[in-house]
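Novice: Heads up: the sequence shown runs through residues 18 to 360, numbered per my numbering.
The beta carbon of each residue, even a glycine, is placed where N, CA and C say it ideally should be.
Given the structure is predicted, the values throughout are model-derived calculations rather than measurements.
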Amino acid sequence: MRTDVAIAGAGFAGLGLAYYLKESGMNSLLVDKRAIGSHRSSACGMPEYLAGQLAPSSILHSVDTVCIETNRLRRSVRLPERYCTVDYSGFCRSVFRNSGARFLKAEVRGGTSNSLDTSLGRIDADFVADCTGWARVLSKGSPRPRRIITAMEITVPIRKEHEGRLNFFVDKGTVPGYGWIFPVGKGMGRVGAGGGCGSVPVSKYFMKFLERVGIPFEPSEITGGGIPCSGLRPAYENGIFFVGDSASQVLPLSAEGIKPTFYFAKECAFAIAAAHSGAIGRAQAAQAYSRKTSEASAAFTLLHAAQEGMLAFPQPFFDAGLWLAFGPLKNRFLEYYLSIARP
Numbered sequence: 018m019r020t021d022v023a024i025a026g027a028g029f030a031g032l033g034l035a036y037y038l039k040e041s042g043m044n045s046l047l048v049d050k051r052a053i054g055s056h057r058s059s060a061c062g063m064p065e066y067l068a069g070q071l072a073p074s075s076i077l078h079s080v081d082t083v084c085i086e087t088n089r090l091r092r093s094v095r096l097p098e099r100y101c102t103v104d105y106s107g108f109c110r111s112v113f114r115n116s117g118a119r120f121l122k123a124e125v126r127g128g129t130s131n132s133l134d135t136s137l138g139r140i141d142a143d144f145v146a147d148c149t150g151w152a153r154v155l156s157k158g159s160p161r162p163r164r165i166i167t168a169m170e171i172t173v174p175i176r177k178e179h180e181g182r183l184n185f186f187v188d189k190g191t192v193p194g195y196g197w198i199f200p201v202g203k204g205m206g207r208v209g210a211g212g213g214c215g216s217v218p219v220s221k222y223f224m225k226f227l228e229r230v231g232i233p234f235e236p237s238e239i240t241g242g243g244i245p246c247s248g249l250r251p252a253y254e255n256g257i258f259f260v261g262d263s264a265s266q267v268l269p270l271s272a273e274g275i276k277p278t279f280y281f282a283k284e285c286a287f288a289i290a291a292a293h294s295g296a297i298g299r300a301q302a303a304q305a306y307s308r309k310t311s312e313a314s315a316a317f318t319l320l321h322a323a324q325e326g327m328l329a330f331p332q333p334f335f336d337a338g339l340w341l342a343f344g345p346l347k348n349r350f351l352e353y354y355l356s357i358a359r360p
């Protein structure tokens, strides 16, 4: 089998890359062992404008406020732009349809700069991208991310007060990280918790968080996984492009991954398309894409430092930072944060 671009992984990163490659006229092939849109491991929160561009019919609920609560402080802030939650399956299927890409349901076992080795045989390609998540399947000997946030989430009825905003909870006495409640409409919400839990199962902290917010545990739809929140990893290695969690393109501190993933997917697509057209060479394409990640590295490093401080220092230090960021520095902080890796 042959294609112009072979994309390992058909989650947000792979779908985003295929979507932005469509304009170039290149043939893209997505390869994943799971059906598209069948395995949600995200709370699926993103800027409403982005969901509106990519898959407007998948929007479930939108809000214009974020609330961060600790054990003794609460800050609610009106956002400069609306955020929304989406139906994961509908979003993925819509982006896939609009990408014009093909899909092969197969396990990716390895690859090179011009081929993928799968459970159904070899795929030859001019370009190969790894969008397989933090495991970075196509990387040879690449170390694990320094910080992987382990998360667990359920979808359950939520209280009225939580329906009109994105809710975050930072209480070190409950979870060594943070909890969240993202409303999805009709009185329902995605309720989760995650952090650097060490050897203690995340389920233990998750149950403590549910008790704290007064939500009973319902095991009907449990999701979860690892979120690589340790700053950017190399976006190009041994001739292969890396996008999304495989390059740790998740904003530390907030663990927001969809917006930056689509930003970098777009930049990667532009670089690949330029090389395919002959406008630049392959090495120049790699440099162009890597340059975009380098331009964002200072912001990722700053957020990572804030995140590590939140996890390491006593609760009062975080409370003081929260008071500053969502108090006197509110407008400046939000403007800066929302500008990072914006597609």
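1. Rounded to whole angstroms, what is the Cα-Cα separation between Val-112 and Tyr-36?
2. What are the boundary residues of the alpha helix (DSSP H) that Trp-340 is part of?
3. At a Cβ threshold of 8 Å, is Gly-28 touching chain B?
4. Is it true that the stretch 94-104 meets the stretch 73-85, where meeting means three or more beta-carbon pairs spaced less than 8 Å apart?
5. Could you tell me which whole beta strand (DSSP E) segments of length 3 or greater appear in the stretch 27-84?
6. Are the CB atoms of Phe-287 and Asp-147 nearer to each other than 8 Å?
7. Candidates Lys-221, Ser-314, Val-94 and Ala-303: which alpha carbon is nearest Asn-255's?
8. If distances are taken between C-alpha atoms only, which option among Phe-226, Leu-32, Val-94 and Gly-298 comes closest to Arg-349?
9. Measure the CB-CB distance between Ser-58 and Thr-20 and report whether it falls below 8 Å.
10. If you draw a straight line from the alpha carbon of Arg-229 to that of Glu-86, how long is it in whole angstroms?
11. Could you spell out where the beta strand (DSSP E) holding Ser-294 opens and where it closes?
12. By Cβ distance below 6 Å, which residues in the same chain neighbour Gly-127 in space, the five residues on each side in sequence not counted?
13. Just the Cα atoms here: how many angstroms apart are Tyr-353 and Thr-240?
14. Out of Leu-355, Leu-67 and Ser-220, which has the shortest C-alpha to C-alpha gap to Ser-271?
15. List the residues that DSSP assigns as beta-bridge partners of Glu-254.
16. Taking all protein chains shown into account, decide if Lys-221 is buried (16 or more other Cβ within 10 angstroms of its Cβ) or exposed.
17. Measure how close the beta-carbons of Ile-244 and Ala-152 come, nearest whole angstrom, since I'm counting them as under 8 Å.
18. Do you know whose CA, among Pro-333, Ile-198 and Lys-39, lies nearest Arg-119's CA?
19. If Phe-281 sits next to Thr-310, beta carbons under 8 Å apart, how far is it from one beta carbon to the other, in whole angstroms?
20. How many Å lie between Ile-140 and Leu-121 at the Cα?
21. Three or more beta-carbon pairs under 8 Å between the stretch 154-165 and the stretch 180-189, yes or no?
22. Please list the terminal residues of the continuous beta strand (DSSP E) segment that includes Glu-98.
23. What residues match up with Met-169 in a beta bridge as DSSP calls it?
24. Compute every distance between the C-beta of Ala-27 and the non-hydrogen atoms of the ligand FMN, then say whether any falls below 7 Å.
25. With a CB to CB cut of under 7 Å and the five nearest residues on each side skipped, what residues in its chain are close to Val-154?
26. For Pro-345 and Ala-316, I'd like the C-alpha separation in whole angstroms.
27. Tell me the DSSP bridge mates of Glu-86?
28. Given that a residue counts as buried once 16 or more other Cβ atoms are within 10 Å of its Cβ, and exposed if not, what is Ala-337?
29. What whole-angstrom Cβ distance do Ala-290 and Ser-41 have, given they're in contact under 8 Å?
30. Once DSSP output is grouped into helix, strand and coil, what is the label at Thr-149?
31. Could you spell out where the beta strand (DSSP E) holding Phe-234 opens and where it closes?
32. Out of curiosity, what's the CA-to-CA distance linking Ser-136 and Thr-191?
33. Got a sec? Which residues, its chain only, sit under 6 Å from Leu-227 by beta carbon, not counting five neighbours each side?
34. Could you compute how far the alpha carbon of Tyr-253 sits from the alpha carbon of Ile-297?
35. Around the Cβ of Gly-212, are there at least 16 other Cβ atoms within 10 angstroms (buried) or fewer (exposed)?
36. Is the beta carbon of Gly-248 less than 8 Å from the beta carbon of Ser-263?
Specialist: This is what the structure holds:
1. Taking the first residue of the sequence shown as position 1, residue 112 is located at position 95. Taking the first residue of the sequence shown as position 1, residue 36 is located at position 19. Taking the straight line from one Cα to the other gives about 7 Å.
2. Here residue 340 is taken as the residue at index 323 of the sequence shown, counted from 1. Start and end: 332-342.
3. The chain labelled as chain B is not found in the depicted structure, where only one protein chain is given.
4. Segments in contact, yes.
5. Taken in chain order, the unbroken stretches of beta strand (DSSP E) that lie wholly in the stretch 27-84 and span 3 residues or more are 45-49 and 62-64.
6. As a position in the sequence shown, residue 287 is number 270, starting the count at 1. As a position in the sequence shown, residue 147 is number 130, starting the count at 1. In this structure, the beta-carbon distance from Phe-287 to Asp-147 does not fall below 8 Å.
7. Stepping through the sequence shown from its first residue, residue 255 is reached at position 238. Minimum Cα distance to Asn-255 is reached at Ala-303.
8. Counting from 1 along the sequence shown, the entry for residue 349 is found at position 332. Looking at the Cα atoms, Val-94 is the closest of the given residues.
9. Taking the sequence shown and counting its residues from 1, one reaches residue 58 at position 41. Taking the sequence shown and counting its residues from 1, one reaches residue 20 at position 3. At the C-beta level, Ser-58 and Thr-20 stay beyond 8 Å of one another.
10. Indexing the sequence shown from 1 puts residue 229 at position 212. Indexing the sequence shown from 1 puts residue 86 at position 69. The C-alpha of Arg-229 lies about 12 Å from the C-alpha of Glu-86.
11. Taking the sequence shown and counting its residues from 1, one reaches residue 294 at position 277. Unbroken run through Ser-294 is the alpha helix (DSSP H), 275-294; no beta strand (DSSP E).
12. To locate residue 127, count along the sequence shown from 1; it is residue 110. Setting aside the 5 residues that flank it on each side, Gly-127 is surrounded in the same chain by Asp-134, each with a C-beta closer than 6 Å to its C-beta; the list follows chain order.
13. Start at 1 with the first residue of the sequence shown, and residue 353 comes out as number 336. Start at 1 with the first residue of the sequence shown, and residue 240 comes out as number 223. Linking Tyr-353 to Thr-240 through their CA atoms gives a straight-line distance of about 31 Å.
14. Start at 1 with the first residue of the sequence shown, and residue 271 comes out as number 254. Ranked by Cα distance from Ser-271, the options Leu-355, Leu-67 and Ser-220 are led by Leu-355.
15. The residue you call residue 254 lines up with position 237 of the sequence shown. Answer is Ile-257, bridged to Glu-254.
16. Counting from one through the sequence shown, the residue named residue 221 turns up at place 204. Answer is exposed; the Cβ neighbour count stays below 16.
17. Taking the sequence shown and counting its residues from 1, the one referred to as residue 244 is at position 227. Taking the sequence shown and counting its residues from 1, the one referred to as residue 152 is at position 135. Taking a contact as a CB-CB distance under 8 Å, the pair Ile-244 and Ala-152 does not count as one, their CB atoms being some 13 Å apart.
18. Locating residue 119 in the sequence shown gives position 102, counting from the first residue. The shortest Cα separation from Arg-119 among Pro-333, Ile-198 and Lys-39 belongs to Lys-39.
19. Reading the sequence shown from its first residue, position 264 is the one you call residue 281. Reading the sequence shown from its first residue, position 293 is the one you call residue 310. At roughly 7 Å, the Cβ-Cβ gap stays under 8 Å, so Phe-281 and Thr-310 are in contact.
20. One-based indexing of the sequence shown puts residue 140 at position 123. One-based indexing of the sequence shown puts residue 121 at position 104. The straight-line gap from Cα to Cα measures roughly 10 Å.
21. Not touching, per the Cβ criterion.
22. By 1-based counting over the sequence shown, the position of residue 98 is 81. For Glu-98, the enclosing beta strand (DSSP E) starts and ends at 91-103.
23. Walking along the sequence shown from the start, residue 169 turns up at place 152. For Met-169, which the question treats as bridged, DSSP gives the partners Ala-210 and Gly-241.
24. By its list of ligands, the structure shown contains no ligand whatsoever, and the ligand FMN lies outside what it can speak to.
25. Mapped onto the sequence shown, residue 154 falls at position 137. Cβ neighbours of Val-154 beyond the five flanking positions: Ala-25, Val-125 and Asp-147.
26. By one-based count along the sequence shown, residue 345 stands at place 328. By one-based count along the sequence shown, residue 316 stands at place 299. Straight-line measurement puts the Cα of Ala-316 at about 20 Å from the Cα of Pro-345.
27. Residue 86 sits at position 69 when you count from the first residue of the sequence shown. Arg-91 and Phe-186, per the DSSP bridge assignment.
28. For this step, residue 337 is matched to residue 320 along the sequence shown. With fewer than 16 neighbouring CB atoms inside 10 Å of its own CB, Ala-337 falls in the exposed class.
29. Position 273 of the sequence shown, counted from the start, is the residue given in the question as residue 290. Position 24 of the sequence shown, counted from the start, is the residue given in the question as residue 41. Here Ala-290 really is in contact with Ser-41; their C-beta atoms are around 4 Å apart, less than 8 Å.
30. Taking the first residue of the sequence shown as position 1, residue 149 is located at position 132. Looking at Thr-149 - three-state DSSP - the assignment turns out to be coil, as it is neither helix nor strand.
31. Residue numbering aside, residue 234 sits at position 217 when the sequence shown is read from its first letter. Bounds of any beta strand (DSSP E) do not take in Phe-234, whose DSSP letter is neither H nor E.
32. As a working note, residue 136 is residue 119 in the sequence shown. As a working note, residue 191 is residue 174 in the sequence shown. When rounded, the distance between both Cα atoms is 43 Å.
33. Here residue 227 refers to the residue found at position 210 when the sequence shown is read from its first residue. By the criterion of a C-beta distance shorter than 6 Å, Leu-227 is surrounded in its chain by Phe-234, once the five residues flanking it on both sides are discounted.
34. The residue labelled residue 253 in the question sits at position 236 within the sequence shown. The residue labelled residue 297 in the question sits at position 280 within the sequence shown. Take the alpha-carbon of Tyr-253 and the one of Ile-297: they are about 16 Å apart.
35. The sequence position of residue 212 within the sequence shown is 195, counting from 1. Taking all protein chains in view, the Cβ of Gly-212 is crowded by 16 or more other Cβ atoms within 10 Å, so the residue is classified as buried.
36. On the sequence shown, residue 248 is found 231 positions in, with the first residue counted as 1. On the sequence shown, residue 263 is found 246 positions in, with the first residue counted as 1. Contact check for Gly-248 against Ser-263 fails: the beta carbons are separated by 8 Å or more.
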